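Undergrad: Numbering (the working numbering), first residue to last: 2 to 313.
All C-beta atoms, glycine included, are put in the ideal place defined by N, C-alpha and C.
Computed from a predicted structure; not experimentally measured.
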């Protein structure tokens, strides 16, 4: 594995731990992350490992009070990183790797605070009346990840509109999260969670929820899914404007990650009720194909042309 020469053995061990977590648990993101050079790949793995820890607390079997306590514990780790209070011999490898990544790249660590805030919204069981309400949640748990990642990727100087790069990264995160929400509607319902806006559910007669393999009687579930797919595609089109602002390998990483989710969205659109029957996913060979296209620049150029023309 190519590693930066200036990384000590202790820090490299911490990064290796984070990369192991990423490879084992990041079903889609790992395909993009592996396209990056070593220093950026390691930094992204540190961000993922910390984010995974936060998500696992929110999704785990603990009671709500203990979840809140554990989440505040992750915020304390983040504060230690922010203060430069994490040494190489710290017993928490994620903290060690994140501290090194934050020293190497201009990572907006407040984005991880937003992630914690978003997971706390899950713990409280919040629901969302409108898309504007849901958008706030999506910005916390996904848009923030886009902005954090941009701190690692950096931008190409002199590119027109580059001052909006963080906005586009945020929007692309929203597109990915809305795709996740559509994919997981039945799984989330089984866990007592509803993310889709109540206004949208009522509009399509789906307020009864998604607890079975078929839509509720009288519901226009296909209409609901297609409505949300159009919203997600518009977010993808806007977020893809980020790609020309990145260097080749960072652009390939984003094109691969977003391309996998975009194909997943297309699969959901083609058979909306599939999300009620089971987890919709792409086979590994198709994910690898998307990653190769991203690295070759094929998807990056194609997506950039589409977004500039205002199409998804």
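Would the stretch 205–214 count as touching the stretch 137–148 if we require 3 or more Cβ pairs under 8 Å?
TA: The stretch 205–214 vs the stretch 137–148: no contact.
Undergrad: Looking only at its chain, what residues have a beta carbon closer than 7 Å to the beta carbon of residue 167, apart from the 5 residues adjacent to it on each side?
TA: For residue 167, where only same-chain residues beyond five positions count, the Cβ hits under 7 Å are 148 and 151.
Undergrad: For the candidate residues 10, 28 and 13, whose alpha-carbon lies nearest to that of residue 262?
TA: Taking only the C-alpha atoms, the option nearest residue 262 is 28.
Undergrad: Could you give the residue range of the alpha helix (DSSP H) that holds residue 178?
TA: 166–184 is the extent of the alpha helix (DSSP H) around residue 178.
Undergrad: Going by CA-CA distance only, name the one from 267, 195 and 114 that's closest to residue 141.
TA: If we check each option's Cα against that of residue 141, 114 comes out closest.
Undergrad: For residue 2, which three-state DSSP category applies?
TA: A caution first: residue 2 carries a pLDDT of 38, below 50, which makes its placement in the model unreliable, though a value can still be read off. It is coil, neither helix nor strand.
Undergrad: Can you give me the C-alpha to C-alpha distance between residue 196 and residue 207, rounded to a whole angstrom?
TA: So the alpha carbons of these two residues sit roughly 13 Å apart.
Undergrad: For the stretch 215–227 against the stretch 150–164, do three or more pairs of beta-carbon atoms, one drawn from each stretch, fall closer than 8 Å, so that the two count as touching?
TA: At 8 Å Cβ cutoff, the stretches do not touch.
Undergrad: Measuring only the C-alpha atoms, how far is residue 80 from residue 86?
TA: Rounded to the nearest angstrom, the two C-alpha atoms are 8 Å apart.
Undergrad: For the alpha helix (DSSP H) holding residue 210, just list the boundary residues, first then last.
TA: No alpha helix (DSSP H) contains residue 210, which DSSP labels as neither H nor E.
Undergrad: CA-CA distance, residue 94 and residue 54?
TA: Approximately 12 Å between the Cα atoms of the pair.
Undergrad: Tell me where the alpha helix (DSSP H) around residue 126 begins and ends.
TA: Note, residue 126: premise wrong, no alpha helix (DSSP H); not H, not E.
Undergrad: Nearest-angstrom Cα distance between residue 102 and residue 135?
TA: About 31 Å.
Undergrad: DSSP three-state call for residue 294: helix, strand or coil?
TA: Residue 294: helix per DSSP, three-state reduction.
Undergrad: Using the C-alpha atoms, what's the distance from residue 241 back to residue 231?
TA: One C-alpha to the other measures close to 15 Å.
Undergrad: Compare the beta carbon distance of residue 49 and residue 30 with 8 Å and say whether it is the shorter of the two.
TA: Contact flag set, yes.
Undergrad: By the 10 Å Cβ neighbour count, where 16 or more other Cβ atoms means buried, how is residue 181 classified, buried or exposed?
TA: When all chains shown are included, residue 181 counts as buried.
Undergrad: For residue 269, which of 257, 35 and 283 has the nearest alpha-carbon?
TA: Minimum Cα distance to residue 269 is reached at 283.
Undergrad: Quick one: give me the first and last residue of the alpha helix (DSSP H) that residue 230 is part of.
TA: It spans 222–240 - the alpha helix (DSSP H) in which residue 230 sits, taken as one unbroken run.
Undergrad: Rounded to whole angstroms, what is the Cα-Cα separation between residue 308 and residue 239?
TA: Reliability of the predicted coordinates at residue 308 is poor, the pLDDT of 48 falling under 50, and the value obtained from them is presented with this limitation in mind. One C-alpha to the other measures close to 6 Å.
Undergrad: Taking only runs of the alpha helix (DSSP H) that begin and end inside the stretch 50–138, which ones reach a length of at least 4 residues, in chain order?
TA: Listed in chain order, the complete alpha helix (DSSP H) runs (minimum 4 residues) inside the stretch 50–138 are 65–83, 94–105 and 111–124.
Undergrad: Taking the CB atoms as reference points, tell me whether residue 46 and residue 116 lie closer together than 8 Å.
TA: No; because the gap between Cβ atoms is not below 8 Å, this pair is not in contact.
Undergrad: Does the Cβ of residue 21 have 16 or more other Cβ atoms within 10 Å, making it buried, or fewer, making it exposed?
TA: With fewer than 16 Cβ atoms within 10 Å of its Cβ, residue 21 is classed as exposed.
Undergrad: Comparing C-alpha positions only, which one of 154, 200 and 174 sits nearest to residue 133?
TA: Of the candidates 154, 200 and 174, the one whose C-alpha sits nearest the C-alpha of residue 133 is 200.
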